[in-house]
Amino acid sequence: MTTHWLRSLALPSALLGLALTGPGCVGFINGDDTAGDADTTGDAGDGDGDTNTGDGDGGTGTGTGTEMTIYEIQQGGADGSVAAGLQVSVKSVVVVSPVNAEDGLVFVEEQGAGEWSGISLYLWDEVVMSTALQPGDIVDLVGEYTEFFDMSQIVIKNPGDITVVGSVGLDELPGPDVVNAADVARDNPAAESWEGVRVRINDAVIEEANDGFGQYLLAGNALVGNAFVDPLPDVANMGSYAAITGSLHYSFDEFKLQPASADDLDTYMGPPTPMEDTAIYDIRQGMVPQDTLVLVENVVVSSGFTWSDSSEASFFVQEPDGGAFSGIQVHLGDMSGLQIAPGDDVTIVGTYEEFFDMSQLVVPDASGVTVNGSGPGPAPEVIADPATIANGGSMTEDWESVLVQVEDVTVTNENPDAPDEFGEFEITGGLRVDDLFFSFDNWMKPAMGANYTSITGVLVYNFSNYKLEPRDGADLVSN
């Protein structure tokens, strides 16, 4: 690692914010529902944080502090020999992450890597706004060592307190030190020695694609956070990365790896094709985790494709025995080459997701759908009271994505979205009827008071409303 030059980090206003990442969402853990980010100390100069002190005035830097290595700070903090609040001076450490501008978060590490070698910095706002730190910078810094909710950090209050003295290439960053997921598990006290250190987990298997806060949970109980890569790439449960690299962060009472860029997520592989059939009934009743790749065999197609002006479209399937919770939407990223019709017997390999509270199987292309044969289309389930499947009805979830029929109904509102117009109308019981399967030119809205002997369609949920979706003109039988 070669030192090339001395560079001050104070920049003219035209260059402010260069090399900073956008805001990162770390998530709220263990029931924390506040909007604040507990990863770093409070706003500069507010005097209210546990560790952030001072009046927040800028300046050229304090220039003084007890000269220590990160190893000494981290081990001393762990055994109590280094007290929080100590002003420290640290020389020739390497920046190993971008700056999360919103949280003032960046990681630095000793060039020798290893346990106790890394620590997070908390940059006051004026430091963030007047510096351009980037991975590979070698820096000297002066700041206050603190423990913020048990996260070790050095608080940098003035732009002059951190100076770039050289740089290394990204392939020369310290580490990463290879660890097992269990070594840095989110609740493992022994992970303390790796806090702030750039580590790598090989063969990282995804146990939960989203823990509820946009983070991955890996087999071995290790978390992958999104402070610098936000959002994390879409993945499926039981998919895997060849390796995941990141500085180990401690926030909201949990350890988590923070990849510095998408390059730290090395070679994603989808989950192996499932071998066992999963029933739609089980998916719809919450027995299958979201983001799970499933095999759904020998279900019957209940609709054609929804109208689309691209190759992306959806259709609906249900279990042959029908009934409540028997149906689900299939969303195809590319329907090219696939022909389906009501009554087709199909087998599907797709990922179960909830899209704005609408259950669906997500299938990238036609290769995920196999047509096994054809037969008569499913008979609709007759719903005696349309109000039970309208907004607020007691049976909406039961019949979502199922082919249903209502009888002897009247148009009670020809435009429930007035003054806007979305092609919908309301019938008896407040049930909306929509045009999901129709092009604009082929959809004719009825007049107020129009009567229907029956309306058949798939019950869907979108834009916060349950709606009956007739598949073609034959599903609308007027008096």
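For the sequence shown, this note's numbering begins at 219 and goes up steadily by one.
Ideal Cβ placement from N, Cα and C applies to all residues, glycine included.
The structure presented is a predicted model; accordingly, all values stated were derived computationally and were not measured.
Taking residue i as the reference, which of the options has the closest Cα?
i, options, result
"Val-622", "Ala-608, Thr-630 and Asp-635", "Ala-608"
"Leu-483", "Glu-472, Pro-492 and Tyr-459", "Tyr-459"
"Pro-489", "Ile-424, Gly-675, Pro-377 and Asp-635", "Ile-424"
"Thr-317", "Asn-669, Gln-476 and Val-417", "Sequence inspection shows Val at residue 317; the Thr mentioned does not correspond to that position. Answer by Cα proximity: Gln-476."
"Asn-455", "Gly-414, Asp-421, Pro-507 and Asp-495", "Pro-507"
"Glu-597", "Pro-538, Gln-293 and Gly-647", "The amino acid at residue 597 is misidentified as Glu; the sequence shows Ala. Of the candidates Pro-538, Gln-293 and Gly-647, the one whose C-alpha sits nearest the C-alpha of Ala-597 is Pro-538."
"Ser-370", "Met-487, Val-676, Glu-644 and Phe-473", "Phe-473"
"Ser-554", "Gly-332, Glu-571 and Ser-526", "Ser-526"
"Val-581", "Gly-595, Phe-574 and Phe-533", "Phe-533"
"Gly-438", "Leu-359, Ala-427 and Ala-422", "Ala-422"
"Glu-644", "Glu-687, Val-386 and Glu-615", "Glu-687"
"Gly-611", "Met-505, Pro-394 and Tyr-684", "Tyr-684"
"Gly-540", "Phe-446, Trp-617 and Glu-390", "Trp-617"
"Asn-516", "Asp-401, Ser-335, Ala-531 and Ala-497", "Ala-497"
"Arg-650", "Val-324, Val-678, Asp-659 and Phe-656", "Val-678"
"Ala-480", "Val-447, Ala-636, Leu-550 and Asp-653", "Val-447"
"Leu-550", "Thr-524, Arg-502 and Asp-368", "Thr-524"
"Ala-559", "Leu-351, Gly-522 and Val-397", "Gly-522"
"Glu-333", "Gly-464, Gly-414 and Ala-319", "Gly-414"
"Asp-552", "Met-347, Ser-528 and Glu-571", "Ser-528"
"Leu-556", "Gln-578, Val-519, Gln-352 and Gly-545", "Val-519"
"Val-326", "Arg-416, Gly-295, Asp-405 and Glu-320", "Arg-416"
"Gln-536", "Val-620, Glu-290 and Arg-502", "Val-620"
"Ala-584", "Gly-504, Glu-530, Ser-315 and Gly-330", "Glu-530"
"Leu-654", "Gly-648, Phe-640 and Pro-664", "Phe-640"
Should residue i be labelled buried (16 or more other beta-carbon atoms within 10 Å of its own) or exposed?
i, result
"Lys-309", "exposed"
"Asp-626", "exposed"
"Leu-388", "exposed"
"Thr-588", "exposed"
"Ala-301", "exposed"
"Arg-689", "buried"
"Asp-495", "exposed"
"Asp-638", "exposed"
"Thr-282", "exposed"
"Thr-491", "exposed"
"Thr-485", "exposed"
"Thr-671", "exposed"
"Asp-275", "No answer about Asp-275 holds up, because its pLDDT of 41 lies below 50 and its placement is not dependable."
"Glu-390", "exposed"
"Phe-543", "buried"
"Gly-464", "buried"
"Asp-659", "exposed"
"Asp-297", "exposed"
"Ala-319", "buried"
"Gly-303", "exposed"
"Ser-315", "buried"
"Gly-322", "buried"
"Ser-338", "buried"
Please return the same chain residues whose Cβ sits closer than 7 Å to the Cβ of residue i, not counting the five positions on each side in sequence.
i, result
"Gly-586", "Ile-566, Val-567 and Gly-568"
"Gly-667", "Thr-628 and Val-629"
"Met-487", "Gly-457 and Ser-458"
"Thr-606", "Ser-612 and Met-613"
"Met-576", "Gln-547, Val-678, Tyr-679 and Asn-680"
"Tyr-468", "Asp-368, Met-369 and Glu-413"
"Thr-646", "Pro-604, Val-627, Thr-628 and Thr-630"
"Glu-571", "Gln-508, Asp-509, Gln-578 and Val-580"
Excluding five sequence neighbours on each side, which residues of the same chain lie with their C-beta closer than 6 Å to the C-beta of residue i?
i, result
"Ile-419", "Ala-399 and Ile-462"
"Val-624", "Ile-601, Pro-604 and Ile-673"
"Val-669", "First, the amino acid is wrong: residue 669 is Asn here, not Val. Same-chain partners within the cutoff: Thr-628 and Asn-697."
"Ser-592", "Gly-561 and Asp-562"
"Glu-426", "Leu-435"
"Gly-691", "none"
"Leu-694", "Ile-673 and Pro-688"
"Gly-595", "Pro-560 and Gly-561"
Taking 8 Å as the limit between beta carbons, can you name the residues of its chain near residue i, skipping five residues before and five after?
i, result
"Gly-245", "Annotation note: pLDDT 31 at Gly-245 (below 50); position unreliable, no value reported."
"Asp-500", "Val-506"
"Leu-441", "Arg-404, Asp-429, Gln-433, Tyr-434, Leu-435, Glu-472, Phe-473, Lys-474 and Leu-475"
"Ser-657", "Trp-525"
"Pro-634", "Glu-642, Phe-643, Glu-644 and Arg-650"
"Glu-290", "Val-300"
Requested in this report: Please list the segments of the beta strand (DSSP E) lying wholly inside the stretch 293-380, counting only runs of 3 or more residues, in order along the chain.
Outcome: Here the runs fully enclosed are 305-313, 323-327, 336-341, 355-366 and 369-374.
Query - Cβ contact check for the stretch 450-464 and the stretch 558-567: 3 or more pairs under 8 Å - result: Touching, no.
Query raised in the report: Is the stretch 363-372 touching the stretch 279-298, taking contact as three or more C-beta pairs under 8 Å?
Result: Result yes; three or more Cβ-Cβ pairs closer than 8 Å.
Query raised in the report: Unbroken alpha helix (DSSP H) runs of length 4 or more, entirely within the stretch 578-655: which are they?
Result: For the stretch 578-655, whole alpha helix (DSSP H) runs of length 4 or above, ordered along the chain, are 614-617.
Query raised in the report: Would you call the stretch 371-381 and the stretch 400-410 touching, i.e. three or more CB-CB distances under 8 Å?
Result: No: fewer than three Cβ pairs fall under 8 Å.
Query raised in the report: Which residue spans inside the stretch 415-492 form an unbroken beta strand (DSSP E) run of at least 3?
Result: Fully enclosed beta strand (DSSP E) runs of 3 or longer: 416-426, 434-436, 458-469, 472-476 and 483-487.
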